[in-house]
Amino acid sequence: MAKGFVAIMAERCKGCGFCVEFCPTRVLTLSSAFNSKGYHPPYPVAAEKCSGCDLCGMYCPDFAIFGGRHAR
Amino acid sequence: MNETTLEIPCEIPEDARNPVEPFLRMDRMPHIWCAGCGIGTTVNCFTRALLDSKANLDKVAVVSGIGCTGRVAGYARLDSFHTTHGRAIPFATGLKLANPELQVVVYSGDGDLFAIGGNHFIHAARRNMDLKVICVNNMIYAMTGGQTAPTTPGTAITATAPYGVSEPTFNLASLAEAAGASYVARWTTYHVKQLARSMEEVLKRKGFCFIEVLSPCPTLYQRRNKMGDGLDAMKDYKAKSKVRNGAPTGECALSMTGEIVVGKFVDRERPDYLELLRAQMTETLGDRYAEPEVSCCSEG
Ligand SMILES: Cc1ncc(C[n+]2csc(CCOP(=O)(O)OP(=O)(O)O)c2C)c(N)n1
Ligand code: SF4
Ligand code: SF4
Ligand code: SF4
Ligand SMILES: [Mg+2]
Numbered sequence: 028m029a030k031g032f033v034a035i036m037a038e039r040c041k042g043c044g045f046c047v048e049f050c051p052t053r054v055l056t057l058s059s060a061f062n063s064k065g066y067h068p069p070y071p072v073a074a075e076k077c078s079g080c081d082l083c084g085m086y087c088p089d090f091a092i093f094g095g096r097h098a099r
Numbered sequence: 084m085n086e087t088t089l090e091i092p093c094e095i096p097e098d099a100r101n102p103v104e105p106f107l108r109m110d111r112m113p114h115i116w117c118a119g120c121g122i123g124t125t126v127n128c129f130t131r132a133l134l135d136s137k138a139n140l141d142k143v144a145v146v147s148g149i150g151c152t153g154r155v156a157g158y159a160r161l162d163s164f165h166t167t168h169g170r171a172i173p174f175a176t177g178l179k180l181a182n183p184e185l186q187v188v189v190y191s192g193d194g195d196l197f198a199i200g201g202n203h204f205i206h207a208a209r210r211n212m213d214l215k216v217i218c219v220n221n222m223i224y225a226m227t228g229g230q231t232a233p234t235t236p237g238t239a240i241t242a243t244a245p246y247g248v249s250e251p252t253f254n255l256a257s258l259a260e261a262a263g264a265s266y267v268a269r270w271t272t273y274h275v276k277q278l279a280r281s282m283e284e285v286l287k288r289k290g291f292c293f294i295e296v297l298s299p300c301p302t303l304y305q306r307r308n309k310m311g312d313g314l315d316a317m318k319d320y321k322a323k324s325k326v327r328n329g330a331p332t333g334e335c336a337l338s339m340t341g342e343i344v345v346g347k348f349v350d351r352e353r354p355d356y357l358e359l360l361r362a363q364m365t366e367t368l369g370d371r372y373a374e375p376e377v378s379c380c381s382e383g
């Protein structure tokens with residue numbers, strides 16, 4: 028199981044791609060699906076690689092994504 | 084691209100929530116900032132700094148002027164004031180002097196702080212007023228349509244310079260140091276960790292502190308200059324930034340396409356405005372000097 032998780036509030040996303048670009052373990056890609064405003068939110072293509080570092084959360088200008096570590 | 088949905092394929096703990104939310108007025112979301120604007124990224128760093136500094140949130144106030152950046156005051160779940168254009172620093176000065184126990188943060192744009200408000204900035208720095216000034220520098224008057232600011236680099240195309248800017252610009256770090264600031268740092272929205280750390284550092288520190296943050300404005304600065312979107316600006320910051328802590332600020336001027344020197348440039352102790360005032364009053368009046376009573380502070 029992955030060390031961390033990433034939560035995405037797709038409706039709040041504006042598709043800027045910051046989270047995709049700067050995730051250190053390349054967990055994310057922009058989805059092919061649209062949200063209701065017409066943006067492509069991120070989608071975890073490699074969720075098992077997520078460390079829960081929350082860098083995506085620090086970059087996201089729209090407060091639409093964050094990461095966290097699973098309690099062990 | 085693979086076909087994907089908006090369903091998230093991993094387990095998220097039920098009680099997980101975005102660490103920025105307690106610091107924001109979530110009822111006001113979504114915010115007005117454009118896709119790829121960097122202002123929201125600076126807000127993330129500010130919330131991390133508030134968390135990590137363990138600041139008493141009842142004693143932190145945010146003051147903004149007018150502009151896209153000025154909106155921060157409206158979104159922060161703190162005592163906050165959205166003042167008139169250019170007047171964030173005088174307002175913050177009054178707030179600080181009437182409530183010296185408050186940590187007063189000025190959060191505003193390059194135009195607000197250095198064009199219409201430039202005079203206030205240099206005098207607050209000269210007096211070493213105990214304010215923490217965060218300037219989101221997108222090199223333009225964004226909110227009003229992309230007019231030339233004192234920070235717009237040479238040759239850039241703006242709404243008021245369709246043939247390119249020819250004026251020299253302010254080097255904000257150098258200006259702040261020359262005017263007397265105790266602390267001067269510059270980062271970009273690419274440097275989220277360093278920016279959060281600088282913000283935390285100034286929240287724990289006395290005196291006039293200045294943090295400049297270069298931030299993308301895809302809509303009104305980059306579009307006219309064919310500089311791509313917010314992500315292109317972020318990649319550019321990553322490629323062109325050099326961390327040089329302690330670099331002489333005079334060597335850190337910015338240009339449109341050149342190197343971006345970032346780091347903490349100045350960190351020096353100087354007595355602040357209130358200390359100097361008290362010392363002078365005590366010297367002159369001796370026992371007859373009484374500290375003014377602070378009447379209007381928040382309850383717990
Ligand atoms: C007295 C006054 N003059 C002019 C304006 C128009 N005005 C509003 S915001 C702004 C410039 C904002 O630029 P900046 O501070 O860089 O903020 P940004 O939008 O780029 O974040 C101007 C000129 C005003 N609101 N009030
Ligand atoms: S950083 Fe935020 S707004 Fe940008 S694509 Fe990722 S989730 Fe969407
Ligand atoms: S929490 Fe870290 S590892 Fe996980 S998706 Fe976000 S940036 Fe990537
Ligand atoms: S106009 Fe520029 S600074 Fe204003 S919200 Fe849009 S991208 Fe951000
Ligand atoms: Mg600006």
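Chains Z and R, in that order, give the protein sequences. Residues are numbered in my numbering as their position in the first sequence, beginning at 1, plus a constant of 27. Residues are numbered in my numbering as their position in the second sequence, beginning at 1, plus a constant of 83. Glycine residues also receive a C-beta, built at the ideal position from the N, C-alpha and C atoms.
(message) Looking at Z/Cys46: is its Cβ nearer than 8 Å to the Cβ of Z/Pro71?
(response) no
(message) For ligand 5, I want to know if R/Asp141 counts as a neighbour, meaning its beta carbon is within less than 7 Å of at least one of the ligand's heavy atoms.
(response) no
(message) With a threshold of 8 Å, are at least 3 pairs of Cβ atoms found where one atom belongs to the stretch 143-162 of chain R and the other to the stretch 194-213 of chain R?
(response) yes
(request) Please find out if some non-hydrogen atom of ligand 4 comes closer than 7 Å to the beta-carbon of R/Leu303. (result) yes
(request) Compute the distance between the beta-carbons of R/Ala259 and R/Val248, then report whether it is under 8 Å. (result) Not a contact, by the Cβ cut-off of 8 Å.
(request) Using a cut-off of 7 Å between C-beta atoms, extract the partners of Z/Pro71 located in chain R. (result) Under the 7 Å cutoff, chain R gives Ile91, Pro92 and Cys93.
(request) Using three-state DSSP, classify Z/Cys40 as helix, strand or coil. (result) Correct three-state label for Z/Cys40: coil.
(message) I'd like to know whether the C-beta of R/Arg131 is nearer than 8 Å to at least one C-beta of chain Z.
(response) yes
(request) Measure the CB-CB distance between Z/Phe188 and Z/Arg39 and report whether it falls below 8 Å. (result) Not covered by the structure: residue 188 of chain Z. The range shown for chain Z is 28 to 99.
(message) Using 8 Å as the cut-off, can you tell me whether the stretch 314-323 of chain R makes contact with the stretch 268-285 of chain R, which would need three or more C-beta pairs spanning the two stretches below that distance?
(response) Contact between the stretch 314-323 of chain R and the stretch 268-285 of chain R is present, because at least three Cβ pairs lie under 8 Å.
(message) So, with DSSP's three-state summary, where would you put R/Asp162?
(response) The answer is strand: DSSP assigns R/Asp162 an E or B state.
(request) Determine the DSSP secondary structure at R/Gly383, reduced to helix, strand or coil. (result) Note on R/Gly383: pLDDT 43, under 50, position unreliable in the model; no value is reported.
(request) Decide if Z/Ser63 is buried, meaning its Cβ has at least 16 other Cβ atoms within 10 Å, or exposed. (result) exposed
(message) I'd like to know whether the C-beta of Z/Arg99 is nearer than 8 Å to at least one C-beta of chain R.
(response) no
(request) Verify the CB distance criterion: does Z/Gly84 have a CB-CB separation below 8 Å to chain R? (result) It does: the Cβ of Z/Gly84 has a partner Cβ on chain R nearer than 8 Å.
(message) Just list the residues that DSSP pairs R/Gly192 with in beta bridges.
(response) R/Val219
(message) Can you list, in chain order, the residues of its chain with a C-beta nearer than 6 Å to that of R/Leu297? Leave out the 5 residues immediately preceding and following it.
(response) Asn220 and Thr271
(request) Kindly indicate the opening and closing residues of the alpha helix (DSSP H) around R/Phe204. (result) Where R/Phe204 is concerned, the enclosing alpha helix (DSSP H) stretches over Gly201 to Arg209.
(request) Enumerate, from N- to C-terminal direction, the unbroken beta strand (DSSP E) stretches of 3 or more residues contained entirely within the stretch 306-343 of chain R. (result) Fully enclosed beta strand (DSSP E) runs of 3 or longer: 324-326.
(request) Going by DSSP, name the residue or residues bridged to Z/Cys87. (result) Bridge partners of Z/Cys87: none, in fact.
(request) Give the C-beta separation of R/Leu161 and R/Ala175 to the nearest angstrom, bearing in mind that I take them to be a contact with Cβ-Cβ under 8 Å. (result) Not confirmed; about 13 Å, so no contact.
(request) Note down, in chain order, every chain R residue with its Cβ under 9 Å from the Cβ of Z/Arg39. (result) Met112 and Pro113
(request) Kindly say whether Z/Gly65, judged by its beta-carbon, lies nearer than 8 Å to any beta-carbon of chain R. (result) no
(request) Measure the C-alpha to C-alpha separation of Z/Pro51 and R/Ile115 and round it to an integer number of angstroms. (result) 29 Å
(request) Could you tell me which of R/Lys325, R/Val216 and R/Cys117 sits nearest to R/Phe129, measuring between CA atoms? (result) The shortest C-alpha separation from R/Phe129 is found at R/Val216.
(request) Give the range of the alpha helix (DSSP H) segment to which R/Ser257 is assigned. (result) Leu255 to Ala262
(request) Compute every distance between the C-beta of R/Ile149 and the non-hydrogen atoms of ligand 1, then say whether any falls below 7 Å. (result) yes
(request) Counting only the same chain and skipping the five closest in sequence on each side, list residues whose C-beta sits under 8 Å from that of R/Arg385. (result) Here chain R covers residues 84 to 383 and nothing more, so residue 385 of chain R does not appear.
(message) I need the straight-line Cα distance from R/Val285 to R/Asp213, nearest angstrom please.
(response) Straight-line Cα distance between these residues: approximately 10 Å.
(message) Taking the alpha-carbon of R/Asn211 as reference, which of R/Ala336, R/Ser265 and R/Ala256 has the nearest alpha-carbon?
(response) R/Ser265
(request) In the DSSP assignment, find the unbroken beta strand (DSSP E) run with R/Cys292 in it and report its ends. (result) Cys292 to Leu297
(request) Let me know the secondary structure DSSP gives Z/Ala29 once reduced to three states. (result) coil
(message) Let me confirm a value: R/Glu295 is counted as buried when at least 16 other C-beta atoms fall within 10 Å, else exposed. Which label applies?
(response) buried
(message) With the cut-off set at 8 Å, would you say R/Met95 and Z/Phe32 are in Cβ contact?
(response) The amino acid at residue 95 of chain R is misidentified as Met; the sequence shows Ile. Yes. Within cutoff.
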